[in-house]
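Chains as they are written, first to last, in our numbering: chain E, 482 to 824; chain D, 482 to 824; chain C, 482 to 824; chain L, 482 to 824. Think of the CB as a built atom: it goes at the ideal place given N, C-alpha and C, for glycine as much as any other residue. On a predicted model such as this, the values are computed, not experimentally measured, just so you know. Right, one structure below, let's go through it.
4 protein chains.
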Amino acid sequence: MISVGIIGLGYWGPNLLRNFAESAGARVTAVCDLRDDRLAAAAARYPGIATTKDARDIFANPAVDAVAIATPVSTHADLALRALQAGKHVLVEKPMAASSADARRLIEEAARRRRVLMVDHTFVYTGAVQKIASLVSGGELGNIYYYDSVRVNLGLFQHDVNVIWDLAVHDLSIMDHVLPSRPRAVSATGVSHVAGGHENIAYLTLFFDNNLIAHIHVNWLAPVKIRRTLIGGSQRMIVYDDLEPSEKIKIYDKGITVNSQPDSVYQLLVGYRAGDMWAPQLTATEALRAEVAHFVECIERGTAPLTGGDSGLRVVQVVEAASESMAARGRLIELDAPAGARP
Amino acid sequence: MISVGIIGLGYWGPNLLRNFAESAGARVTAVCDLRDDRLAAAAARYPGIATTKDARDIFANPAVDAVAIATPVSTHADLALRALQAGKHVLVEKPMAASSADARRLIEEAARRRRVLMVDHTFVYTGAVQKIASLVSGGELGNIYYYDSVRVNLGLFQHDVNVIWDLAVHDLSIMDHVLPSRPRAVSATGVSHVAGGHENIAYLTLFFDNNLIAHIHVNWLAPVKIRRTLIGGSQRMIVYDDLEPSEKIKIYDKGITVNSQPDSVYQLLVGYRAGDMWAPQLTATEALRAEVAHFVECIERGTAPLTGGDSGLRVVQVVEAASESMAARGRLIELDAPAGARP
Amino acid sequence: MISVGIIGLGYWGPNLLRNFAESAGARVTAVCDLRDDRLAAAAARYPGIATTKDARDIFANPAVDAVAIATPVSTHADLALRALQAGKHVLVEKPMAASSADARRLIEEAARRRRVLMVDHTFVYTGAVQKIASLVSGGELGNIYYYDSVRVNLGLFQHDVNVIWDLAVHDLSIMDHVLPSRPRAVSATGVSHVAGGHENIAYLTLFFDNNLIAHIHVNWLAPVKIRRTLIGGSQRMIVYDDLEPSEKIKIYDKGITVNSQPDSVYQLLVGYRAGDMWAPQLTATEALRAEVAHFVECIERGTAPLTGGDSGLRVVQVVEAASESMAARGRLIELDAPAGARP
Amino acid sequence: MISVGIIGLGYWGPNLLRNFAESAGARVTAVCDLRDDRLAAAAARYPGIATTKDARDIFANPAVDAVAIATPVSTHADLALRALQAGKHVLVEKPMAASSADARRLIEEAARRRRVLMVDHTFVYTGAVQKIASLVSGGELGNIYYYDSVRVNLGLFQHDVNVIWDLAVHDLSIMDHVLPSRPRAVSATGVSHVAGGHENIAYLTLFFDNNLIAHIHVNWLAPVKIRRTLIGGSQRMIVYDDLEPSEKIKIYDKGITVNSQPDSVYQLLVGYRAGDMWAPQLTATEALRAEVAHFVECIERGTAPLTGGDSGLRVVQVVEAASESMAARGRLIELDAPAGARP
């Protein structure tokens, strides 16, 4: 039974609290937040939990094995580092840190301390993304041609970060899990419509080897909510619509066939193929529930998490590069050699 | 009664033929195509029309007042130029020409000859785009923040041009008509998934003054057909879905309100506003029918068309610049000073 | 501050508990259920609440002003009657009782004791139904022509009642609130696909005066979930889709115009009118929250609830008659004179 | 090569004309209509076709092998009878005749003359309905539980018949083709909202053996167009949405499992099963094209058509009975022993 301390009970923290509290392998020993009302609500809901406004109480508590951090991004690195230094395993909210330098520091500290460092890339643990990953790695789509995601709605304008840090992180963490290779370079564009604010609309193109291209459209100022991803492959193509109550994933047996040795440029090179569509039944388990169980299992068995520090770092690297490109109106930014081989 | 000659009876030409033939102000005198079967079909359908395989017969025919050209892009400029030189008015299929140099040549010739030069930007004549133009120019949306279009499907791979020349031209011609200003620069990305082929997927970002941004996603290799445009303004926002049988345009009384003089950066700057949605009844007239009537009227009255050579040139300029940017993986290409003030 | 006792913590009871607990005008003093685990969960969530497995403890508790009943239908009448006899106000789950005779007994007891008797017709308190009621009563639709509802999904087969008692009750309670008159007769059809089971699919037609017709399709065995109501009027028509995340109500300015004095039967009698569509912004308040506040207000002010015993009785009368008609494969059953004038 | 005469060039006749004209096995020799403009249009489109305003010219023409009739319903029987008496094969628009007595007369005449008598139940020849028929007859759905169709829109009010004769005929012809048995009885309800008009909204329930139930909702006065059919079976269920551009048919591997020997009525009798959804690729051939080819083949080979006179009669029988039931507000009308065994 892993004993967990949770830091931050704002928007996401209560979900972590609930899932750890209901987990078979863990219990929540202490929670930390700056606001009394949140601590009181947690204590009322889960009698017996220690509450504190000072994270040091969590780090110093020898009964705490692991710390889950759901605070503003700017505080992730400092809190996670101190937790690791105190010998705790760490689950940190996405994005992992506010800079890749910070992310690297956490990875090093976790390695040195031999502690589990996991990033809360929740979507990776959904039935939909698990199914996509399995289809891609099983070769069902053939060669992957493109990954295109639209994630827009009338959303909360963040004060401290642009929309890439807020929304594109979801897509980048999914791509990090399902795509067969790592992006080599990024070109991004975007603008702010609020004087003095960060970009609220952004477009990212990611270049991979082998003509794989990815694109992400994120927008806090859209009249409708869209969460749709198209994944094109040489054999099949996927439409993943996260707003569908069921049938989130549709697999189309469609595509083109290319005549590789045409006699003439004027001859028809491309054939079209249309077949059935198929929407597989997906696991209904709450993603965070599966993720919490995975975190506990990694701690107990000493195994590496699906969404460890390395994936957290890769996501932060792309976000940093994309923000730099966006400031230069689409200038191509090469990405460093990938941090970690494909799992 | 304007007498029209039509050159090219492939995919689009028969629609021009039908609409000119049914027009109150025009009649079709002659048609030209390289294939006998197409000429025979036209003659059977419209007895009395002269048919020829040589465009010179059309140009030399003194009974022909105007020529409509629906041939491959590479032939537009030459055919249109010769028609103008023969003193004919010209309606040319989109894109107007294969290069902006060619487009400029046509504009000059039309001006010199005092002939109507119109580009078949059909979407501009739809009830939906007419309504959007009227909402934007009437100030209903407030300041325009962004224009975002997705135009994808499993489409015919073109041999001679990339997907921007084929599909993005539609969006660029709509934007040219409805947006309050001209793009200043473009950044585009895209790849080809067919060896030796032109790019079949592309993403264009267009930068305007005043933080207006536009983005176009075109793709010949998508599993589903999507034709959706989001237009964001400071007062209202539009979703234009061209695949909706009715209710193609939905206007959302939604948005943000920005506190312009915040006391502190930590204070909430942005408020959210949600109101009704409204889908106006649109004109049901076929766009090409309205367009043909407009062409006839411009000839008869000597007035400038809504989609004249200048708009055709502006679209070609952006396509050229976007193709150049795409080849350089997103490098920003500044656009020349706009060719023509806003109508 | 009204003190409330809640009987039944199965599927719906916890929602009542939460809403009463969070209500400004009420507090929950005691809860009753037959299962220990449910009582323990309630006590943990709301420390200080008395728990019991015997409803008599609730009735005998002088600190309890009102009782909310969320138990199986067969027990509604007995529990509600005993609560009224003990001088408590009563909010009872829909359907109000298992027979109209029972429903009448409750109405009489509440009148004699001068207590509030309210039926939990939750949908009546949604923003969508409130808007429909206001449009109908404000004459926006003109004369109401029809009300057509489809309420199907792969649902829980009930053991003790047919699908009309389970699902059609929702539609009947909405119709009772929004339609301008009461049904005069009903014809229903349906079958059971489970040996020995109650009907799991049913179709009800309700006849009103003035050619108003209503129809309800309910089905526990549908592959997809549908919750869609069409309401036709002489001036406008409504589509109410409860599964839409926003835009649940769409109002169509469409219809026919009838030439009332045609010269000839062969002449066109009917004209068609198509106009804009409009989706009004709806109140986002949780329906049960509004309902609980309304119950408290009725107790405090001694006013009649929107969904009092009379509306509960009318719904039960139709369900009884429809079940009788269904057993006779559509035989028309006349309904008694309406119990209560339109509010 | 079958020589065809076509009578009636109103709404549907031109489609018959085009498909027969383009058919490999047939040619159109003559057309008949009362209006000069329609005849002129046909002659212009298909030079060489004989035109007449008198159907007798068609019947008397020895060069005509077969007659296609697309006139108002009230004239079907007379024209078809005279065509058969003249020795012609007949394809008659749906509904086959204005009464079952008339329909029987045609069947007898065709049998006596050994001529093909086929009814234009076009939907039967669509890829969607062909696929449904194949799934049902192949046992993919298990036992069929229900068939539920909604066919509503703002449609043309007919002067001479109610909405059942106009719209429900489509569903009845599809059911006649795909369902494993024949209806035994019908209960229908409906009203007219136009003084002196026929019913413009109607609901039909059809009872079959083995608890199979069917229901059809037709409405000329709906704000939106809906064409959706649910078919429930013990193994799988189908949603057939004819307005979907692709994926018209979705097959759900969902349902219930019933415990046949429960120990107790209080025990859970019913289990729920959810699996994948599958949308098969459908034939894209125009239905009328396939139907015309089938008619020609039946004539050439002397075989019985899929939608022969017997199916036309069965549909008319149900429409008659449903209209009678509707007039009596849902009174159950037993249907005669089925006219013809299942094909």
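Residue i, buried or exposed, once every other Cβ within 10 Å from all chains shown has been counted against 16
i: E/Tyr606; result: buried
i: L/Ser806; result: buried
i: D/Ser745; result: Note that D/Ser745 has pLDDT 47, beneath the 50 cutoff, so the model's placement of it is unreliable and the number below is only indicative. So D/Ser745 counts as exposed.
i: C/Ala618; result: Inspection of the sequence shows that residue 618 of chain C is occupied by Ser rather than by Ala. With fewer than 16 Cβ atoms within 10 Å of its Cβ, C/Ser618 is classed as exposed.
i: C/Gly790; result: buried
i: C/Arg663; result: buried
8 Å contact criterion, which residue i and residue j should meet: CB distance rounded
i: L/Glu767; j: L/Ser580; result: Between L/Ser580 and L/Glu767 the Cβ distance is about 31 Å, and since that is not below 8 Å, they are no contact.
i: D/Ile719; j: D/Ile613; result: 6 Å
i: L/Ala755; j: L/Lys735; result: 5 Å
i: E/Leu565; j: E/Val573; result: That belief does not hold up - the Cβ atoms of E/Leu565 and E/Val573 are roughly 10 Å apart, past 8 Å.
i: D/Met577; j: D/Cys779; result: With 8 Å as the limit, D/Met577 and D/Cys779 do not qualify as a contact, their Cβ atoms being about 16 Å apart.
i: C/Leu515; j: C/Ala549; result: The Cβ separation is near 16 Å, so there is no contact.
i: E/His454; j: E/Lys575; result: Because chain E here runs from 482 to 824, residue 454 of chain E falls outside it and cannot be looked at.
i: L/Ala666; j: L/Glu815; result: 5 Å
C-alpha gap between residue i and residue j, whole angstroms
i: L/Val509; j: D/Gly486; result: 32 Å
i: D/Leu490; j: D/Pro543; result: 22 Å
i: L/Leu749; j: C/Val650; result: Summary for L/Leu749: the model assigns pLDDT 48, below 50, so the residue's position carries little reliability; its value from the coordinates is reported in the next sentence. Roughly 23 Å between the two C-alpha positions.
i: C/Arg526; j: C/Val512; result: 12 Å
i: D/Glu772; j: L/Ser792; result: 48 Å
i: C/Ile730; j: C/His658; result: 16 Å
i: C/Leu813; j: L/Tyr684; result: 14 Å
i: D/Leu635; j: D/Val597; result: 36 Å
i: C/Gly620; j: L/Pro661; result: 48 Å
i: D/Gln639; j: D/Glu503; result: 31 Å
i: C/Ile694; j: C/Ala669; result: 13 Å
i: L/Asp641; j: L/Ile488; result: 20 Å
i: D/Tyr626; j: E/Ser630; result: 21 Å
i: L/Tyr628; j: C/Thr686; result: 18 Å
i: L/Asp647; j: L/Glu680; result: 11 Å
i: C/Ala808; j: L/His696; result: 17 Å
DSSP beta-bridge partners of residue i
i: D/Ala523; result: None, per the DSSP bridge assignment.
i: D/Leu598; result: D/Val571
i: E/Cys513; result: E/Ile488, E/Thr533
i: D/Leu687; result: D/Val667, D/Ala695
i: D/Arg754; result: D/Gly736
i: L/Val633; result: L/Asn700, L/Ile707
i: C/Trp759; result: D/Trp759, C/Ile732
i: D/Val672; result: D/Ile682
i: E/Met718; result: E/Gly713, E/Tyr733
i: L/Tyr628; result: L/Ala695, L/Ile712
CB contact flag (residue i, residue j, <8 Å)
i: L/Leu702; j: C/Gly752; result: no
i: L/Leu587; j: L/Ala561; result: yes
i: E/Val810; j: D/Phe689; result: Note on residue identity: the sequence assigns Arg, not Val, to residue 810 of chain E. It is not a contact, given that the beta carbons lie outside the stated cut-off.
i: C/Leu653; j: C/Val799; result: yes
i: L/Arg717; j: L/Leu622; result: yes
i: D/His698; j: D/Val633; result: yes
i: D/Ala567; j: D/Phe604; result: no
i: L/Ser673; j: C/Asn500; result: no
i: D/Ile455; j: D/Gly506; result: In this structure chain D extends from 482 to 824, so residue 455 of chain D is not present and cannot be described.
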